[in-house]
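Taking it in order: structure first as structure tokens, then the write-up.
Protein chains in written order, with our numbering: chain A, 1 to 217; chain B, 1 to 281.
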């Protein structure tokens, strides 16, 4: 897709030593950042289309394993379409979005979804050639009651933690961090559900971490 | 509390109740525990003796005390079912959260630096330093673009007799992924989420630069100080850039250290891609 050309062009420009090392005027550095950002945004939208295609093709019954973990289409065997549909007849027509500022706990989509109790599907892609246990952290509105399930609708333990004020100066008060463990196959996807309403009985509601201040002696 | 410990699974970190600094680290999987601490250095960016620090040049003139910092760190302990975390505020512009997960054999250092104050009219480079009782002497290892680890020796060049004129900058090396030290029993390493400069100036130290704000130009062609007074807009006066990063901290046996280090390095190079969409039932 020529969308990727824009990212490729940006990356080739920023391979210049001035871009890699920052030995450039502020305006030039800003321009490098703008090109990379536009290229990255385009590539992300392409990835999102890919996620949607792979996952929805499962729902239409083209295979996958019933553990809710989605492998590349050609490798899939068991139809996991039932798995996704087993999650109470989900309508999965919406497009995916990504949040580039997750590293500073900022994501309008997850924050507004939690406040409006809009259930979410989360897809996690692992680019490594090894299976991977990792953690996903999402910002959600304060005081949300939430439960996480894997792709096979098995409950997943999760933890809600208040944000350190320095993570988002001036806007950390009404946001918390939802963290949960994920297992993803090599070069593969895994699907999770974050539910704020219609939470099934077998749910494990997210546990709130305990926070205490310690003033040195 | 004389000391506060956070530990989930194999990794345990102990913090000193009087200074608020980390005091020890252990990895029960390898039966290793040792004194270890994490602090930040503020280098005073030289703007004299004929060569300024600048975009091309790192030429510190000694270090400065951590500004605006009380003599002790306030701590915030977070404990939960999946991970625990210690939050330290070194200065209003300098924060570190150290996190340990139940099923991980390394710690995550999540740091936030900036805007770097410059009311004293001094440029600054901020480096994080992990110190430990690893008996590494004057040897340390830096990656070469994520591939093999190159051995470095303080104040030494393998191909000529180095006359040391820059005891700090002369020992800083480019890092892309990893900085490691080891002795015959243990290995300690930091795994980076971006390229930067780093060194090990004392036995057991791992030091890498996290942010800089320079007030003079180094006359190498940029023609502008690395000062972010305009970040993103021409005429507005901006307080300066904030930088946030996450660094993996590995402590393992000398034999298992390299394997664990490369596993964490691969994850830093390929972070998970996470996407979301609404479900309408």
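By construction, the Cβ of each residue, glycine as well, lies at the ideal position given by its N, Cα and C atoms.
Would you call the region 40-47 of chain B in contact with the region 168-180 of chain A, where contact means no fewer than 3 C-beta pairs closer than 8 Å?
no
Return the Cβ separation of residue 160 of chain A and residue 209 of chain A in integer angstroms, given the expectation that the two are a contact with Cβ distance under 8 Å.
7 Å
Residue 187 of chain A, DSSP secondary structure in three states:
coil
According to DSSP, simplified to helix, strand and coil, what is residue 203 of chain A?
coil
Straight-line CA distance for residue 207 of chain B to residue 127 of chain B?
6 Å
Hey, does residue 35 of chain A have any beta-carbon neighbour from chain B nearer than 8 Å?
no
Are the CB atoms of residue 189 of chain A and residue 146 of chain A nearer to each other than 8 Å?
no
Using CA coordinates, which residue listed in B:259, B:77, B:37 and B:242 is at the minimum distance from residue 166 of chain A?
B:242
For residue 59 of chain B, is the classification buried or exposed, using 16 other Cβ atoms within 10 angstroms of its Cβ as the cut-off for buried?
buried
Under 7 Å (Cβ pairs) to chain B, residues found in the region 92-110 of chain A:
92, 94, 95, 96, 97, 98, 102, 103, 104, 109 and 110
Taking residue 272 of chain B as the reference, which of A:203, A:135 and A:153 has the closest Cα?
A:135
Residue 52 of chain B beta carbon less than 8 Å from that of residue 29 of chain B:
no
Between the beta-carbon of residue 17 of chain B and the beta-carbon of residue 4 of chain B, is there less than 8 Å?
yes
Within chain B, the residues that residue 22 of chain A reaches when beta carbons sit closer than 8 Å:
55 and 226
Using a Cβ cut-off of 8 Å (strictly closer), state whether residue 226 of chain A contacts chain B.
No statement about residue 226 of chain A is possible, as the shown extent of chain A runs from 1 to 217 and does not include it.
I need the straight-line Cα distance from residue 46 of chain A to residue 39 of chain A, nearest angstrom please.
11 Å
Measuring straight from C-alpha to C-alpha, what distance separates residue 37 of chain A and residue 192 of chain B?
21 Å
Taking only beta-carbon atoms, is residue 128 of chain A less than 8 Å away from chain B?
yes
What is the DSSP secondary structure of residue 163 of chain B, reduced to helix, strand or coil?
coil
Out of B:250, B:175, B:280 and B:100, point me to the one whose CA is closest to residue 32 of chain B's CA.
B:250
Restricting to Cα atoms, I'd like to know which of B:188, B:197, B:209 and B:276 is closest to residue 262 of chain B.
B:188
Rounded separation between residue 65 of chain A and residue 270 of chain B - CA only
Summary for residue 65 of chain A: the model assigns pLDDT 46, below 50, so the residue's position carries little reliability; its value from the coordinates is reported in the next sentence. Using only the alpha carbons, I get a separation of about 24 Å.
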